[in-house]
Structures are given as structure tokens and as C-alpha cells.
Amino acid sequence: MSDNIIVVCCGCKRLKLSAYTWVTIDVPDSNRISHDTCPECIQRLYPEVAEEVLKKLREREQYKNSVKETLQWKEARTPLNPKEAEKEKAQAEKRDQRA
1 MSDNIIVVCC GCKRLKLSAY TWVTIDVPDS NRISHDTCPE CIQRLYPEVA
51 EEVLKKLRER EQYKNSVKET LQWKEARTPL NPKEAEKEKA QAEKRDQRA
């Protein structure tokens, strides 16, 4: 989630703070709003597939967290020259976008 984009649930209009943190607040009109569906609305709107969808979302979030931890460990352990660091960062961002 980009820092410049406000993500709101298309079902209940709650604001997304992280993968599983949604809060109820008044969201101002903005051209920087994107939509997603919170876990509660997935269960309410799509009960027949909710369990499978939420499982996949949890797996994707766990994968992204493990990649971040691995990259942080590598950065702490391996001094990289600036070109290598930029290349690894770009590869990690591409993996995050695909996940």
C-alpha cells in the first residue's frame, strides 16, 4: 500500500491501515482513494468463498513478511555496493507487487 493512497473498504467504507487492520473514520473525498474489501465484508458478501480467499490473503501477507525479514537480515549481514543494493531493492519491490 502506497503512503500516498488512501484505501477504503468498498463494502463498509472503513480505512485500511494494514493487511488486517481496518478502522472506521470519515474519509474525505480524494482522487487518491483506492478500494479493497476488508475481511469482515469478504465474509459477509462472499460467504461461499470467504474461507479460501482469506486463507490466501494470510498466506500472501506471511510471504511478504518473510521476504521483508530476509531482506532485512541480508542488509544487516552483507554490506552491498550501491548498485547491488538498488538492484536487490528493485527485485524485492517487483516480488511484493506480484504477491
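Numbering follows the numbering used here, with no gaps: position 87 of the sequence shown is 87. Think of the CB as a built atom: it goes at the ideal place given N, C-alpha and C, for glycine as much as any other residue.
Going by DSSP, name the residue or residues bridged to residue i.
i: Trp22; result: Lys16
i: Ser66; result: DSSP, once it has assigned bridges, lists no residue as partnering Ser66.
i: Ile33; result: Ile6
Straight-line CA distance for residue i to residue j?
i: Ser66; j: Ser30; result: 33 angstroms
i: Glu88; j: Ile5; result: 25 angstroms
i: Lys16; j: Glu52; result: 21 angstroms
i: Val23; j: Cys38; result: 10 angstroms
Using a threshold of 9 angstroms, state whether the C-beta atoms of residue i and residue j are closer than that.
i: Lys64; j: Asp96; result: yes
Please look up how many angstroms separate the CB atoms of residue i and residue j, rounded, as I've assumed it's under 8 angstroms.
i: Glu61; j: Ala19; result: 5 angstroms
Provide the residue span of the alpha helix (DSSP H) that contains residue i, from first to last.
i: Cys41; result: 39-45
i: Pro82; result: 82-98
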